[in-house]
Structure formats: structure tokens, C-alpha cells
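Structure, as C-alpha cells:
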Amino acid sequence: MFLISRILSFIERRKQTVYGCLNFIGVCYSLFMIVALAAVNIFGTCPALYDDCQLPIFAASIIIFQVCANLVLIQLTMRINKVSYWTLNSSSLLPRAVSPPQEGSASLNDGKSGRFCHECNMNAPRRSHHCPLCGVCVLRCDHHCFMTGACIGIGNQRYFVVFLFWVCIGALYGISYMLAYMNSYVAPNSKYGYVIYLAPFACIQWLLGNLNGFHVFLSVLLCISISANFAAVGFFCAQIFYITQGYTMFDYHNYRTKHNLAGDGSNLKERLALIFGRNWFLNFIFPQFWNRNIFTAEIAQNVFLMTSKDV
Ligand SMILES: [Zn+2]
Ligand SMILES: [Zn+2]
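Just so you know, full-length UniProt numbering puts 192 at position 192 of the sequence shown, and the rest follows in order with no gaps.
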């Protein structure tokens, strides 16, 4: 008990450092998985299975480009998440000034008007959320993603969704090659058959000298890739659900239930255009970074939560 309370108080004191470390570890993990999965299949499994790997490598290059391009864009467009970005570029959309609320004031959290962020020392729309790690108020905040090291908000949610989509494709592609290789070269030579595919069991066999380094690495990578793929599919489906409902994950589970917040947009087309800009599907073919988020007057009013009608 004493040790746990000491650890918790240490985390509380060093919150920023702990968050920073988790962010760094998450991004390193993502980059490692991309490089490891690509290298193992391009230089290991594919040449062992087929004489000509030109087409699979071409397909892998497209997947790697899509994953990396969207990962970079998630970072680069974080500035568009900031409330200050909209203050400078679209000041007419922002709510009227709200004074810093007094202690115990009813307006502190009435859920209807904008709010005052004490950390940023500025007025912010209700549909923004202060991220303690990024140190900014994020507009239409979905969540802070440690795997990409970024806050997911209005500016970069589209790249996050497309990133997840290509991660699912890439993981499935890599898993199929690893399974084909292991079915041909690992399972037939193991007296334990397919059980050797399980990472903990493969590690024990490696320590006992019954499995070589590459094969144990394949087993570990296969298990991690399958779990990562399940996670990516789950996250992708959840993101599509929230987007089609006109909410962020944060708003859906907070403001919708607590304050009866209506979803953004009156139809699916408007909701997709808010996140992906014009022609949403093109983002899945090539990142449409020049294509801006489209706010209708009603969506702007809902996102910036103005009570007046002068949008
Ligand atoms: Zn803030
Ligand atoms: Zn953040």
C-alpha cells in the first residue's frame, strides 16, 4: 500500500514527464512495428516463399507510404486542433467573450456557453478540451493518442482514421505473409506444430535451443501484429461510428449524455465533410491536406456553441 501511494504521488508530481515518456514510448512502438513488419516480410518471408517479389513489394510500398504519410500529417496538423488557430483564422465563429468564472459560479460548467481555460488563460469553446500533455485546448477533441503521440481533434482526425485504415490493411498483409512462411518452414519442423506460433511458447523453445532467433522473432511479431490489428479495427470502427453520429468520442460519452448535446450536421454528408473535407473517400487514396474541414452554419454554431445566431 505504501509503495503504491509513493508511486502514485511520484506520478502526480512528475505528470508531465510521465506523459512525455509514455508518448515517446508509444511513438517508438508504432515506428518499430512499421519497420519490423515491413523488413521481415520484404527481406525475409517474401523472398523465401516466392521467386519474384516485385508486386508484393510494390503493394507494401503503397501501404507503408499511406501509414507514414498519415502519421506525419497527424503531427503536422496538430496546430489546426488548437483553439488559437481558429481564433486567428475564423474569429467570427468563436463564442462571445466569457469572463473568468468566479469560484462556485453557476457559469463555471453550465455546459451551454464557452468556458474559460485556466491553464491556457483564455476563453475556449465548450467543444474544446484542455490536454494536459499537449498543454493546449484542442477543438473538437477526440482523445490523446499515445501511439501517434498526438491529440486527435478537428484538424487531424481525418488522418488518424485513414492511418487506422491502412494500419489494418498493412497488418493483415504482413500477417498473411508471416503465416504462409511459418506454415511452410516453422510448423512442419516443430514437434509442437502450430503451438509454436504462440509467442510465450516460442520464447521458451528458443531459450531451450529448439528454435532459431528469426523464427522466435516471427512468432512474437505475429502475436503483436494480430493484437495490434484487433485494436486498429476496433478503433477504426469506433471512429467511424462517432463521426457518422456527429460526435467525437469525448463528446459522445460526456456532453451528449450530460447536456443533451446534438450531433454536428444534419446528415451523413455534412458529418463526413466536417472531418474529411470535400470528397471524403479521396483521403483514403491520397492524403487531402489541402482540402479544408467544411463547417455549415449549424455545425459551426454547435462546435463553437454560440447562443447567438450571428455565425
Ligand atoms: Zn486550455
Ligand atoms: Zn494531447
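Quick reminder that beta carbons are idealized off the backbone N, C-alpha and C, glycines included.
Closest to residue i by CA distance: which of the options is it?
i           : options               : result
residue 88  : 119, 237, 124 and 72  : 124
residue 75  : 21, 153, 137 and 52   : 153
residue 218 : 232, 200 and 234      : 200
residue 272 : 258, 292 and 48       : 292
residue 239 : 295, 162, 58 and 137  : 162
residue 144 : 131, 137 and 156      : 131
residue 294 : 280, 262, 165 and 214 : 280
residue 155 : 61, 78 and 197        : 78
residue 167 : 118, 204, 215 and 34  : 34
residue 210 : 190, 58 and 222       : 190
residue 266 : 51, 285, 296 and 69   : 296
residue 80  : 289, 299 and 298      : 289
residue 277 : 55, 177, 120 and 157  : 157
residue 20  : 175, 115 and 146      : 146
residue 142 : 68, 248, 263 and 23   : 248
residue 246 : 299, 170, 183 and 65  : 299
residue 287 : 70, 8, 59 and 51      : 70
residue 170 : 22, 27 and 57         : 57
residue 43  : 72, 178 and 212       : 178
residue 282 : 202, 232, 262 and 66  : 66
residue 59  : 41, 115 and 160       : 41
residue 303 : 284, 264, 270 and 285 : 264
residue 284 : 183, 213, 233 and 160 : 160
residue 30  : 68, 237 and 204       : 68
residue 182 : 212, 204, 208 and 207 : 212
residue 55  : 27, 25, 173 and 197   : 173
What does DSSP give as the partner residues of residue i in its beta bridges?
i           : result
residue 122 : 117
residue 315 : Since the first residue of the chain shown is 1 and the last is 311, residue 315 is not available in this structure.
residue 152 : 143
residue 82  : 138
Can you have a look at residue i and say buried or exposed, based on whether 16 or more other CB atoms are within 10 angstroms of its CB?
i           : result
residue 16  : exposed
residue 275 : buried
residue 148 : buried
residue 195 : exposed
residue 63  : buried
residue 188 : exposed
residue 128 : buried
residue 253 : exposed
residue 109 : Only weak support is given to the placement of residue 109: the predicted model assigns it a pLDDT of 44, under 50, and the question is left unresolved by the model.
residue 257 : exposed
residue 251 : buried
residue 164 : buried
residue 215 : buried
residue 73  : buried
residue 260 : exposed
residue 327 : Nothing can be reported for residue 327, as the shown portion of the chain is limited to 1 through 311.
residue 32  : exposed
residue 236 : buried
Leaving out five residues before and five after residue i in sequence, what residues of the same chain have Cβ atoms less than 8 Å from its Cβ?
i           : result
residue 180 : 45 and 49
residue 268 : 244
residue 175 : 222, 225, 226 and 229
residue 22  : 146
residue 205 : 190, 192, 196, 211 and 216
Can you give me the Cβ contacts of residue i inside the same chain, cut-off strictly under 6 Å, excluding the 5 residues immediately before and after it?
i           : result
residue 134 : 151
residue 51  : none
residue 105 : Only weak support exists for where residue 105 lies, its pLDDT of 40 falling under 50; the coordinates are left without a value.
residue 255 : 261
residue 120 : 137
Might you give, ordered along the chain, the residues of its own chain that have their beta carbon closer than 7 Å to the beta carbon of residue i, omitting 5 neighbours on each side?
i           : result
residue 193 : 187
residue 83  : 124, 125, 128, 137 and 139
residue 36  : 221
residue 47  : 53
residue 102 : Reliability fails at residue 102, whose pLDDT of 43 lies under 50, so the model's placement of it is uncertain and the value that follows must be treated cautiously. The answer is none, since no qualifying residue turns up.
residue 38  : 60 and 64
residue 316 : Because the chain spans 1 through 311 in this model, residue 316 falls outside it and cannot be assessed.
residue 242 : 248, 249 and 252
residue 270 : 296 and 299
residue 8   : none
Say whether chain D places a C-beta atom closer than 8 Å to the C-beta of residue i.
i          : result
residue 52 : The structure shown contains no chain D; it holds only a single protein chain.
Does the beta carbon of residue i fall short of 7 Å from some heavy atom of ligand 3?
i           : result
residue 141 : Ligands displayed in this structure: ligand 1 and ligand 2; ligand 3 is not among them.
When you get a sec, list the residues whose CB is within less than 5 Å of any heavy atom of ligand 2, chain order please.
-> 131, 133, 134, 144 and 151
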